[in-house]
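Below: one structure, written as structure tokens.
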Ligand SMILES: *Cc1c(COP(=O)(O)O)cnc(C)c1O
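In the working numbering, the protein residues as written are 292 to 693.
Below, the structure written as structure tokens:
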């Protein structure tokens, strides 16, 4: 599961990494290992996860599975990490990491804008377990520095942040976090490992919702954490084997299949997003568009410096009438689907009303709420640009915008 550092490009890695025991007669495309348990020699594996050695053979699928292991090897390689561990969903991955790193009396610093489920997990579940949570604007490293306390164990940020595509400067944040004796985890779901490699910029953990671009087809859920071998082994033991939210081998196989086309898909997502961003930026009903690849994005310089691909997710605000326009989009669109999620082959659009998400998920008030409103207005349309012909996406959006 370690990164063998072969001199290959990421598109090749996505196809072959971890496939090193190949012999004549082996399938070029292995199927999923759909078995709950594996033949075991007596005494080869301890019965407790606490006795799990690094070289233990496959034993029970919640512990390890050949298909899942192959996916983990590929994910570790793509993110230039030592090891990866996968979970049943992106939320399961974040929850596992939080439960591993944070205990009663500890403190979490969390980006004030992030995946809504993560914000709710922190505000509703962590605080119930006596873990303090401080939310900060993670686009300002000095705000993170000011939030750090002696009991801060983890700083969790997202870049680009869902749903407003705000960026965080990992290389500036990591030294501040480490100086305070804490660790930095970065959710890079939107960027994918082809767009951003947080570990190379100083992060301790990368989190991905595999449900999104990495699977890419919207047909299963999955999550992963990538980091140092020792930390991932601890996470596997405590938060995977004991908490139990493992990725099913069939899902791992679907995600491996998606991963094979990640590189060409990301090029298409990016090219289509560039075309759609230009359309929206020049449309009279549109107030602002946020896509890190555009010079119009307030942090485009940071995006250029750190991202290898700008991905296909963008958000935009309109000059009033957001809820009515959302209805109009849902009624008129024939190519883009009005639906949640992101990062799949098909384009998806959803409207996120500002007051709703501030109240239900982010729980922001005062200056923090004002800062979100300044960016998001009354609400943002989050558009995951798919890989359809760009002219068809654009015609669909033009008709729907009216
Ligand atoms: C979707 C998403 C998650 C949660 O992943 P699931 O697979 O839906 O559980 C976490 N972070 C980000 C940035 C996401 O977009």
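A virtual CB, placed ideally from N, CA and C, is assigned to each residue, including glycine.
Please state whether the Cβ-Cβ distance between residue i and residue j is less than 8 Å.
i, j, result
"residue 402", "residue 459", "yes"
"residue 482", "residue 377", "no"
"residue 450", "residue 479", "yes"
"residue 684", "residue 626", "yes"
"residue 350", "residue 331", "yes"
"residue 581", "residue 456", "yes"
"residue 384", "residue 498", "yes"
"residue 691", "residue 590", "no"
"residue 558", "residue 572", "no"
"residue 601", "residue 671", "no"
"residue 518", "residue 372", "yes"
"residue 523", "residue 477", "no"
"residue 605", "residue 564", "yes"
"residue 513", "residue 430", "no"
"residue 462", "residue 492", "yes"
"residue 551", "residue 324", "no"
"residue 681", "residue 562", "yes"
"residue 374", "residue 536", "no"
"residue 508", "residue 636", "yes"
Taking the continuous beta strand (DSSP E) assigned at residue i, which residues delimit it?
i, result
"residue 644", "639 to 644"
"residue 283", "Given a span of 292 to 693 for the chain in the structure shown, any question on residue 283 remains unanswerable."
"residue 448", "443 to 449"
"residue 376", "374 to 378"
"residue 604", "604 to 609"
"residue 336", "Segment: none, residue 336 is in no beta strand (DSSP E) and carries neither H nor E."
Measuring only from the beta carbon, is residue i closer than 7 Å to any heavy atom that is part of ligand 1?
i, result
"residue 688", "no"
"residue 624", "no"
"residue 633", "yes"
"residue 382", "yes"
"residue 449", "yes"
"residue 507", "no"
"residue 476", "no"
"residue 637", "no"
"residue 408", "yes"
Whose C-beta lies closer than 6 Å to the C-beta of residue i among residues of the same chain, with five residues either side of it excluded?
i, result
"residue 660", "649"
"residue 503", "480, 633 and 634"
"residue 710", "Outside the shown range of the chain (292 to 693) lies residue 710, about which nothing can therefore be said."
"residue 257", "Residue coverage of the chain in this structure runs from 292 to 693, which leaves residue 257 outside it and unanswerable."
"residue 438", "400, 425 and 427"
"residue 390", "530"
"residue 410", "652 and 653"
"residue 291", "Outside the shown range of the chain, which is 292 to 693, sits residue 291, and nothing can be said about it."
In the DSSP assignment, find the alpha helix (DSSP H) that holds residue i and state where it starts and stops.
i, result
"residue 559", "553 to 572"
"residue 470", "461 to 470"
"residue 696", "No answer is possible for residue 696: the residues shown for the chain start at 292 and end at 693."
"residue 591", "591 to 597"
"residue 426", "No alpha helix (DSSP H) contains residue 426, which is instead part of the beta strand (DSSP E) from 423 to 427."
"residue 366", "357 to 369"
Keeping to the same chain, check which residues put their C-beta closer than 7 Å to that of residue i; ignore five residues upstream and five downstream.
i, result
"residue 308", "364, 365 and 368"
"residue 623", "690 and 691"
"residue 545", "506, 510 and 511"
"residue 577", "571, 607 and 609"
"residue 687", "624, 625, 626 and 627"
Excluding the 5 residues preceding and the 5 following residue i in the sequence, name in chain order all residues of the same chain whose CB lies nearer than 8 Å to its CB.
i, result
"residue 328", "350, 351 and 352"
Contained beta strand (DSSP E) runs [length at least 3] in the segment 616 to 685, N- to C-terminal order: 639 to 644 and 670 to 675
Complete runs of the alpha helix (DSSP H) confined to the segment 479 to 533 [at least 4 residues]: 483 to 486 and 520 to 526
Contiguous beta strand (DSSP E) assignments of at least 3 residues, all confined to the segment 298 to 322: none
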